[in-house]
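Novice: In this text, residue positions in the sequence shown follow our numbering: the first is 121, and each later residue adds one. Note that CB positions come from ideal geometry on N, CA and C, so glycine has one too. Since we're looking at a predicted model, the values are computed, not measured. Below are the structure tokens for one structure; questions will follow.
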Amino acid sequence: MKYKHIIFDVDGTLLDTSRNILQSLKDALAETDGIHREIDELRFVLGCTSLVSLAQLKVRNASETLGLWLENEARYVHLIRLFDGIEPLLEKLSESGYRLGIVTSRTHEELELVLSAAPIQNYFSVIICSDDVDSPKPAPDPILKYQNLTHARTEEILFVGDTLQDMKCADAAGVDFALAVWGTHDDSLLSGNERAEYLPASPDALAQLLTGL
Numbered sequence: 121m122k123y124k125h126i127i128f129d130v131d132g133t134l135l136d137t138s139r140n141i142l143q144s145l146k147d148a149l150a151e152t153d154g155i156h157r158e159i160d161e162l163r164f165v166l167g168c169t170s171l172v173s174l175a176q177l178k179v180r181n182a183s184e185t186l187g188l189w190l191e192n193e194a195r196y197v198h199l200i201r202l203f204d205g206i207e208p209l210l211e212k213l214s215e216s217g218y219r220l221g222i223v224t225s226r227t228h229e230e231l232e233l234v235l236s237a238a239p240i241q242n243y244f245s246v247i248i249c250s251d252d253v254d255s256p257k258p259a260p261d262p263i264l265k266y267q268n269l270t271h272a273r274t275e276e277i278l279f280v281g282d283t284l285q286d287m288k289c290a291d292a293a294g295v296d297f298a299l300a301v302w303g304t305h306d307d308s309l310l311s312g313n314e315r316a317e318y319l320p321a322s323p324d325a326l327a328q329l330l331t332g333l
């Protein structure tokens, strides 16, 4: 078995949360700052921390807008769904002896909200959120913290994510990266010079890859 630890991003990798995130943010911006943006204009926030996203949008009161954004995510929780094949993937990897973890740009509060809608949390032994480290993704800190907690060697880790920030985080930490093609919104990651070690088209394809390594 080439790897012993498989670390997953959450949004766009385990969960399809894009509709929930973007609609919630759209409504919050309109209410707190009078900022009216179309959903497509807000897609850049996918993969960023919430505070970085709000800074780029130049909101007047980030704390107020963030609070309403989270309230809206709870209101729109019905828009969140597990990607098809994720639960069988996690079950197969666990049965095959892999240790599973999470590295996310969400805070613990934000993560609890979205994971409450999905019965998968028990598969993960270590969860690293943005408020666990000084520098979240794309810095290597979240993966390095995971290593510190698990004593995993760099070559034993595969990070699975859907954004350039995920790829940069893996690269900075020196670990291999699998692009979750099923959830990515960034076509440049499929055709650009920066390429992942693996490009699984579906969770089932990732399961077949990893159980065959």
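CB-CB under 6 Å to tyrosine 218, same chain, minus the five flanking residues each way: which ones, in chain order?
Specialist: Along the sequence shown, read from residue 1 onward, the residue named residue 218 stands at position 98. Excluding positions up to five away in sequence, the list reads Ile126.
Novice: Could you check where the beta strand (DSSP E) with aspartate 296 kicks off and where it finishes?
Specialist: For the purposes of this step, residue 296 is taken as residue 176 along the sequence shown, with counting starting at 1. That run of the beta strand (DSSP E) goes 296-299.
Novice: With distances taken from CA atoms, which of Pro208, Ile206, Pro262, Arg201 is nearest threonine 137?
Specialist: Within the sequence shown, numbered from 1, the residue matching residue 137 stands at position 17. Of the listed residues, the one whose Cα sits closest to threonine 137 is Arg201.
Novice: Could you give the first and the last residue of the continuous alpha helix (DSSP H) run that contains valine 172?
Specialist: Looking up residue 172 in the sequence shown gives position 52. Unbroken alpha helix (DSSP H) run through valine 172: 170-176.
Novice: Aspartate 251 and threonine 227: beta carbons closer than 8 Å?
Specialist: Indexing the sequence shown from 1 puts residue 251 at position 131. Indexing the sequence shown from 1 puts residue 227 at position 107. Cβ distance < 8 Å, so aspartate 251 and threonine 227 count as in contact.
Novice: Would the beta-carbon of glycine 167 fall within 8 Å of that of serine 255?
Specialist: For the purposes of this step, residue 167 is identified with residue 47 of the sequence shown, where counting begins at 1. For the purposes of this step, residue 255 is identified with residue 135 of the sequence shown, where counting begins at 1. In this structure, serine 255 does not lie closer than 8 Å to glycine 167 by Cβ.
Novice: In whole angstroms, what is the alpha-carbon distance linking leucine 299 and isoleucine 141?
Specialist: As a first step, residue 299 is located in the sequence shown; it is residue number 179 there, counting from the start. As a first step, residue 141 is located in the sequence shown; it is residue number 21 there, counting from the start. Distance between the alpha carbons of leucine 299 and isoleucine 141: 21 Å.
Novice: Note the first and the last residue of the continuous beta strand (DSSP E) segment covering arginine 219.
Specialist: Residue numbering aside, residue 219 sits at position 99 when the sequence shown is read from its first letter. Taken as a continuous stretch (DSSP letters only), the beta strand (DSSP E) holding arginine 219 covers 219-223.
Novice: Use the C-beta contact count for isoleucine 263: other C-beta atoms within 10 angstroms, 16 or more gives buried, fewer gives exposed.
Specialist: Within the sequence shown, residue 263 is the residue found at index 143, counting from 1. Buried, by the Cβ-count rule.
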